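Residue numbers (this note's numbering): 13 to 268.
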């Protein structure tokens, strides 16, 4: 009989609310249940976690396993909870020692135990930095998460690598901050537009006053052409704004 607590992050738009992964191993017939409003992809993680634990050289406990994703009223989707669930099971079954690290964990597990990339790691890194915790992510997410210079990022290739990091037998090195120099966006210039005097004036007013702008019209009327030139009228973004925009773009890239 054992219990463990692992910290992770859900994805809610561009926000990353905290989630506690509570794992309890109790007596009774072997069973594996996940509670806390999980979506289908999270419920399916039971089979991925089981195979990943076995293929990483550990034993899957023949006990009644209950995993609670708290808070229960927060929707939870995707495979991002695979890694914290697996670590919770290994910790509750005493195959891993108590973890003194102030860390959070994100990652989808392959059946072999390798870690696969997930969405929203930059938003999670920004949220971890606000509470003073480091973040362990899949290797493919390391560069995106390292855009946040206020958070220590550890990129891991597999569940076994994370477990060795947990036990301090082979600690994962921090990923160097990957912050490109802040430069003005090379957007097309509005001076290249011929005609469209009213639309050009509307862009100038919206950019100078920070107003919202809605472009509507039939196909081919120049909406996309004008919109692509709006960033050239705006001042350069500061780092917090650039990180927020990068977090939005990272979600879009992950969906493709």
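Don't be surprised by glycine CBs; every beta carbon is placed ideally from N, CA and C. Computed from a predicted model, the values in this text were never measured in an experiment.
### Task
State buried or exposed for residue 88, treating a residue as buried only when at least 16 other CB atoms are found within 10 Å of its CB.
Residue 88 is buried by the Cβ-count criterion.
### Task
Assign residue 268 to buried or exposed, taking buried as 16 or more other Cβ atoms, counted over all protein chains shown, within 10 Å of its Cβ.
In this prediction, residue 268 has a pLDDT of 46, which is less than 50 and means its spatial position is unreliable; nothing more can be read from the coordinates.
### Task
Please name the residue, chosen from 61, 77, 52, that lies closest to residue 14 on a Cα-to-Cα basis.
Minimum Cα distance to residue 14 is reached at 77.
### Message
Ignoring anything shorter than 4 residues, give me the alpha helix (DSSP H) runs that lie fully in the region 142 to 183, in order along the chain.
### Response
Within the region 142 to 183, the complete alpha helix (DSSP H) segments at least 4 residues long are 154 to 157, 171 to 178, listed from N- to C-terminus.
### Buried or exposed (CB count within 10 angstroms, at least 16 for buried), residue 131
By the beta-carbon neighbour count (other beta carbons within 10 angstroms, threshold 16), residue 131 is buried.
#### Entry: Proximity winner among 166, 204, 49, relative to residue 242 (alpha-carbon distances)
From the listed residues 166, 204, 49, the smallest Cα separation to residue 242 is found for 204.
### 8 angstroms contact criterion, which residue 190 and residue 155 should meet: CB distance rounded
Contact between residue 190 and residue 155 holds: CB atoms are separated by about 5 angstroms, below the 8 angstroms threshold.
### Message
Could you give the first and the last residue of the continuous alpha helix (DSSP H) run that contains residue 44?
### Response
Secondary structure note for residue 44: it is in no alpha helix (DSSP H), and the uninterrupted beta strand (DSSP E) holding it is 43 to 47.
### Query
Hey, is the region 20 to 39 in contact with the region 101 to 115, meaning 3+ C-beta pairs nearer than 8 angstroms?
With a cut-off of 8 angstroms, the region 101 to 115 and the region 20 to 39 count as touching, because enough Cβ pairs lie within range.
### Message
I'd like to know whether the C-beta of residue 98 is nearer than 8 angstroms to at least one C-beta of chain D.
### Response
This model lacks chain D altogether, as it is built from one protein chain only.
### At least three beta-carbon pairs within less than 8 angstroms, the region 41 to 58 to the region 132 to 139
Counting C-beta pairs with one atom in each stretch, the region 41 to 58 and the region 132 to 139 have fewer than three that are closer than 8 angstroms, which means they do not touch.
### Message
I need the boundaries of the alpha helix (DSSP H) containing residue 96, first residue and last residue.
### Response
Counting along the chain, the alpha helix (DSSP H) containing residue 96 begins and ends at 94 to 104.
### Message
Suppose the cutoff is 8 angstroms on Cβ atoms and the five residues either side in sequence are ignored; what does the same chain contact list for residue 216 look like?
### Response
Non-local C-beta neighbours of residue 216 in its own chain, meaning closer than 8 angstroms and more than five positions away in sequence, comprise 202, 245, ordered along the chain.
### Message
Can you list, in chain order, the residues of its chain with a C-beta nearer than 7 angstroms to that of residue 18? Leave out the 5 residues immediately preceding and following it.
### Response
Taken in chain order, the residues that qualify are 33, 96, 99, 100, 117.
### Task
Can you check DSSP and say which residues form a bridge with residue 14?
Listed as beta-bridge partners of residue 14 by DSSP are 37.
### Query
Terminal residues of the continuous beta strand (DSSP E) containing residue 238?
Unbroken run through residue 238 is the alpha helix (DSSP H), 235 to 239; no beta strand (DSSP E).
### Contact set for residue 47: own chain, Cβ-Cβ below 6 angstroms, skip 5 residues either direction
Sequence-distant partners of residue 47 (beyond 5 residues in either direction) whose C-beta falls short of 6 angstroms from its own C-beta, in its chain, are 80.
### Message
Using C-beta distances below 7 angstroms, list every residue in its chain close to residue 332, excluding the 5 sequence neighbours before and after it, in chain order.
### Response
Residue 332 lies beyond the residue range present for the chain, which begins at 13 and ends at 268; the question has no answer from this structure.
### Query
Nearest to residue 109 by alpha carbon, out of 180, 234, 39?
Looking at the Cα atoms, 180 is the closest of the given residues.
### Message
Short of 6 angstroms in beta carbon distance, which residues of its chain neighbour residue 200, apart from the five on each side in sequence? Order them along the chain.
### Response
Only 240, 241 meet the Cβ criterion.
### Anticipated Cβ contact below 8 angstroms, residue 30 with residue 75, distance rounded
About 27 angstroms; that fails the 8 angstroms criterion.
#### Entry: CA nearest to the CA of residue 61, picked from 170, 236, 83, 226
The residue with the shortest Cα to Cα distance from residue 61 is 170.
### Query
Tell me which same chain residues have a C-beta within less than 7 angstroms of the C-beta of residue 73, skipping the five on either side of it?
Taking C-beta separations shorter than 7 angstroms and ignoring five residues to either side along the sequence, the partners of residue 73 in its chain run 37, 101, 105, following chain order.
### Message
Using only the alpha-carbon positions, how far apart do residue 86 and residue 22 sit?
### Response
Taking the straight line joining both Cα atoms gives about 8 angstroms.
### Query
Does the distance from the C-beta atom of residue 119 to that of residue 143 stay below 8 angstroms?
No, the Cβ-Cβ distance between residue 119 and residue 143 is not below 8 angstroms.
### Message
Between the alpha carbons of residue 25 and residue 124, how many angstroms are there, rounded?
### Response
Taking C-alpha positions only, residue 25 is separated from residue 124 by approximately 30 angstroms.
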